[in-house]
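Chains as they are written, first to last, in the working numbering: chain A, 1 to 249; chain B, 1 to 249.
Each residue gets a CB set at the ideal place from its N, CA and C atoms; glycine is no exception.
Scroll down for the structure; my scribbles are underneath it.
Here is the structure:
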């Protein structure tokens, strides 16, 4: 089995159900009739939803259902519960971690934690200051097994594939792209929304070079801060995914 | 040297300088005259600051200085730079991690990452589902050395002490207290501000019991989510501190 071709019987994170309403709204609990307050009503207005529109509701505990917006006032919305959607524990949009190759067992630790924190795929990358320029087939297989075990342990029914390394410049910068950059002035909270898939880019030991970061930013990536301290290469992805998880749902 | 008594020549995270202005405002760069836009001006209004007031400015890269607010309009503020404050890489308020005892080397990993992410102290705790009920003096010494090395590596000049375990019920719930709770409806972003010290409480493998969480919440802790997935005991503190670091500054 090639590691970039997961078994056909396992659901893939990159296969969203195209037949579901696009918008997904958090509710305190799923019940037949749900009343939402000013904050949520404003959010529904921002999404340009109207009475009669279908959407998805979820409770943050993995339970999700269809719903119909039956009433939308300035500061109050009423939803009626529809059919349950198969429970899953995925992020609102797929989150890809593009992680630089690291020495030793560090990648296993990153893949394990990233899987727990909900990534839909780990794309390994080769960077200027790379600790390694390639990875053996056996090691890539092992990383995919780590993802499989971590998915099971964290109760996800989606196993993120760990994909063979590509040069950093070949990582597609689609959706919202964030690169962790010590001392950046931008916070993740200032720029993250869940309107599009997310790609997180993290560097090797020694970090990405200024040129690499500048190219990513020129390509549309946001350089975001994780504080003024220097993080090890294996801490940054977990911290960034933790921030995403804390904001996500 | 007892591990809860760090060397006298090392600055302690729990010794804030009492003579500095309380409010701390982020600026793009430190310069003789700094003009801030609507967002920051609003923030200054919220803090009830007035022209003539002293505050601290920082650039998120570890540089900090005194400043005087010379002009505050509705959507614009002007600051004049004062004396530099010794550069340090600490969080705006001390962050204590109260982490349950874990088996094997897991605590080393937690202490190392927590130090990089800026904790001011790690308070070990004994919980109902504890993996261990005590820790040897040698192991505690080792954890303190891990903190010392990690502080150096992350360029902090503050070494967080790792404190001998106390029962979870004895951890003081002062300041803002957060406990990671799968499926909670509260996001860290909804409740965290930097007006007071922060305490993060994380559980052992198997998690805190419902009773333990209920007691913490009754004592004023916020149960916050890191997403609907189950995290390993050693991932949760790093993820939570990552979220704090991403929100901090």
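Residue i at chain C interface by Cβ criterion, 9 angstroms
i	result
residue 153/B	Here the protein chains are A and B, and chain C is not one of them.
Burial state of residue i (16 or more Cβ within 10 Å)
i	result
residue 167/A	exposed
residue 250/B	One cannot answer for residue 250/B here, as it falls past the ends of chain B, which runs 1 to 249.
residue 138/B	exposed
residue 233/A	buried
residue 112/B	buried
residue 67/A	buried
residue 31/B	exposed
residue 15/B	Only weak support exists for where residue 15/B lies, its pLDDT of 38 falling under 50; the value from the coordinates is given anyway. That one is exposed.
residue 22/B	exposed
residue 184/B	buried
residue 195/A	exposed
residue 193/B	exposed
residue 169/B	exposed
residue 190/B	exposed
residue 110/B	buried
residue 29/B	exposed
residue 33/B	exposed
residue 133/A	exposed
residue 76/A	exposed
residue 104/A	exposed
residue 156/A	buried
residue 227/B	buried
residue 83/B	exposed
residue 214/B	exposed
residue 13/A	Low confidence applies here, because residue 13/A scores a pLDDT of 37, under 50, leaving its location unreliable; read the following figure in that light. That one is buried.
residue 4/B	Note that residue 4/B scores a pLDDT of 38, beneath 50, so its modelled location is shaky; the value from the coordinates is reported in the next line. That one is exposed.
Residue i: first and last residue of the uninterrupted beta strand (DSSP E) it sits in
i	result
residue 82/B	77-85
residue 93/A	Per DSSP, residue 93/A belongs to no beta strand (DSSP E) and is neither H nor E.
residue 33/A	33-36
residue 163/A	162-167
residue 122/A	121-126
residue 224/A	222-224
residue 25/B	24-26
Bridge-paired residues (DSSP) for residue i
i	result
residue 138/B	BP columns for residue 138/B are empty, so no partner.
residue 201/B	98/B, 179/B
residue 67/A	55/A, 81/A
residue 72/B	77/B
Cβ-Cβ distance between residue i and residue j below 9 angstroms
i	j	result
residue 101/A	residue 126/A	yes
residue 94/B	residue 197/B	yes
residue 158/B	residue 120/B	yes
residue 36/B	residue 46/B	no
residue 124/B	residue 162/B	yes
residue 240/A	residue 188/A	yes
residue 79/A	residue 25/A	yes
residue 98/B	residue 202/B	yes
residue 69/B	residue 44/B	yes
residue 246/A	residue 243/B	yes
residue 72/B	residue 56/B	no
residue 200/A	residue 96/A	yes
residue 204/A	residue 130/A	yes
residue 186/B	residue 238/B	no
residue 128/B	residue 74/B	no
residue 89/A	residue 65/A	no
residue 108/B	residue 230/A	no
residue 179/B	residue 221/B	yes
residue 160/B	residue 135/B	no
Residue range of the unbroken alpha helix (DSSP H) whose run includes residue i
i	result
residue 112/A	106-116
residue 213/A	210-218
residue 246/A	236-247
residue 191/A	188-191
Counting only Cβ-Cβ distances shorter than 7 angstroms, please list the residues of the segment 94-127 of chain B near chain A, keeping chain order. 113, 116, 117, 118
Against chain B: residues of the segment 181-201 of chain A by CB proximity under 9 angstroms: 182, 183, 184, 185, 187, 188, 189
Taking only beta carbons into account, state which residues of the segment 214-227 of chain A come closer than 8 angstroms to chain B, listed in chain order. 224, 225, 226, 227
Note down, in chain order, all residues in the segment 235-248 of chain A with a beta-carbon under 8 angstroms from any beta-carbon belonging to chain B. 235, 238, 239, 240, 241, 242, 243, 245, 246, 247, 248
Against chain B: residues of the segment 15-46 of chain A by CB proximity under 8 angstroms: 26, 28
Positions along the segment 130-162 of chain A whose CB lies within less than 8 angstroms of some CB in chain B: 153, 154, 155, 156
Given a limit of 8 angstroms on CB to CB distance, which residues of the segment 72-90 of chain A reach chain B? 89
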